[in-house]
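Presented below is the structure to which this report refers.
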Amino acid sequence: MKTKAGIYVHIPFCKQACSYCDFHFSTSLKTAEAVTEAILREIQQQPYFEGNPGIQSLYFGGGTPSILPMRQLGPIVNALEKKFGFADLREFTLEANPDDISGANLSLWRSLGVNRFSIGVQSFFERDLRYMNRSHSAGEAADCIKRAQDTGFSNLSIDLIYGTPGLSDTEWLQNLEYAAALQVPHLSTYALTVEENTPLWAHIRKGRQAEPREESYERQFAILQNFLDSRGYEAYEISNSALPGHRALHNSAYWYGLPYYGFGPSAHGFDGGRTRYSNIAHNVKYARFGSLDEIRSSEDLTETEQMNEFILTRLRLLEGFRIAEFRERFGPEHTETLLQKITTPAGEWFIHDVGSVRLDKPYRILADGISARLFF
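So this is what it looks like as structure tokens:
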């Protein structure tokens, strides 16, 4: 079967800065028109990956893509379809904030071909939303989900954050229960992390806000796992859970090492083999580029880097990885070395099914750290 590819488009604009976010964005829309035009140029100049794989997923992220009007979103979608073709397109996700999801916008986005939304809810409690400096209210979070469903959009994902100071275990469970009651089929759940040079990091350093506590992460992750089991959600990746038939096609491509194009400031792309590229995280410089080499840097992964990335991404998945696939890609000697690392002294972390290795449930929260101990 021919490999399919994904496309990610980064829209680097937001209404306001969430306190915890370290993604590339601007709260000024002054460069929006110029950045949009630059994205169109980038699409036109992008060389095809080897074999020109068909496009199975399209994802507009950010930033806040829902902030852009149709006169800017539409030409980007049209340019992508003209360049790559959408004959194989199965999933078109738009990240959206609750306060942007109006009936009028839903109709416009449908006309673009959007068939899935990733909604930045984060919490159904006002206190948490204020702590994170979100632009929407708890009421808007619930209302926008119902509005999207009433308009015929059933393929929805929402983001929820746990570990915020003041969020009790009971309230965290209530967040999850409310999402299930709203019949949201996909949940992306993240522990609040304090990244350097974010507003949250600065507020904590100055004593203006409380710092998240590690023990809260562990308890609330356990609550999450028990909830998912009881409600029929499959925790197919550490931070992503879905009802049957609702796994995120686009994000799954990242974890399985499939190719994806990236467009826009700070976007990344990967050819599915060994070459990865990234764009400059600067709106003004990006908007002025004439050729791709002015905004792009690329790297060819060494075999060691490829093996380590394979381990890191696959152990985040419920299924883990097939030993035969690792052997086919990296050879019997490296496979034997990896199996020795897995069996001693860390054997208790893993479940060995027939021909595959995956993390045992109690250790999934430690996936990244465990993976690092297996690195070559």
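Residue numbering for the sequence shown follows our numbering, beginning at 1045 and increasing consecutively.
Cβ atoms here follow ideal geometry from the backbone N, Cα and C, with glycine treated the same way.
Between the options, which lies nearest to residue i when the distance is taken from Cα to Cα?
i: F1128; options: L1112, G1157 and G1050; result: G1050
i: D1273; options: P1097, G1306 and P1288; result: P1288
i: E1363; options: D1315, Y1280 and N1295; result: Y1280
i: K1048; options: E1221, L1133 and T1080; result: L1133
i: Y1222; options: R1275, K1250, R1257 and E1258; result: R1275
i: A1254; options: C1058, Y1064 and D1187; result: Y1064
i: E1125; options: Q1100, P1109, I1111 and G1107; result: Q1100
i: E1377; options: D1337, F1093, F1420 and R1191; result: F1420
i: L1418; options: R1373, S1400, E1353 and R1366; result: E1353
Please classify residue i: does DSSP put it in a helix, a strand, or coil?
i: Q1350; result: helix
i: E1094; result: coil
i: G1183; result: helix
i: R1358; result: helix
i: T1381; result: helix
i: L1220; result: helix
i: Y1305; result: strand
i: I1282; result: coil
i: G1251; result: coil
i: S1341; result: strand
i: R1320; result: strand
i: G1050; result: strand
i: F1394; result: strand
i: A1311; result: coil
i: G1105; result: strand
i: S1274; result: helix
i: L1403; result: strand
i: Q1089; result: helix
i: T1191; result: Just to set this straight, residue 1191 is Arg in the shown sequence, not Thr. It is helical.
i: I1414; result: helix
i: F1365; result: strand
For residue i, which residues does DSSP report across the bridge?
i: I1409; result: The partner list for I1409 (beta bridge, DSSP) is empty, contrary to what the question assumes.
i: A1235; result: Y1206
i: H1230; result: S1201 and A1286
i: L1138; result: F1104 and F1161
i: F1057; result: S1070
i: F1374; result: Paired residue(s): none; F1374 is not in a bridge.
Alpha carbon to alpha carbon, what distance is there between residue j and residue i?
i: F1197; j: G1105; result: 18 Å
i: G1095; j: K1074; result: 39 Å
i: A1185; j: G1207; result: 19 Å
i: D1404; j: E1369; result: 20 Å
i: A1148; j: F1161; result: 15 Å
i: L1293; j: H1230; result: 12 Å
i: G1183; j: G1210; result: 20 Å
i: A1416; j: S1155; result: 45 Å
i: F1394; j: L1356; result: 14 Å
i: I1111; j: D1144; result: 7 Å
i: Y1261; j: P1142; result: 25 Å
i: L1336; j: Q1227; result: 43 Å
Does residue i come within less than 8 Å of chain B when only Cβ atoms are used?
i: R1275; result: Absent from the structure: chain B. Only one protein chain is present.
Per the contact definition of three or more C-beta pairs closer than 8 Å, is the stretch 1169-1176 in contact with the stretch 1132-1140?
-> Contact fails: fewer than three Cβ-Cβ distances are below 8 Å.
Would you call the stretch 1303-1316 and the stretch 1054-1064 in contact, with 3 or more CB pairs under 8 Å?
-> Contact between the stretch 1303-1316 and the stretch 1054-1064 is established, with three or more Cβ pairs separated by less than 8 Å.
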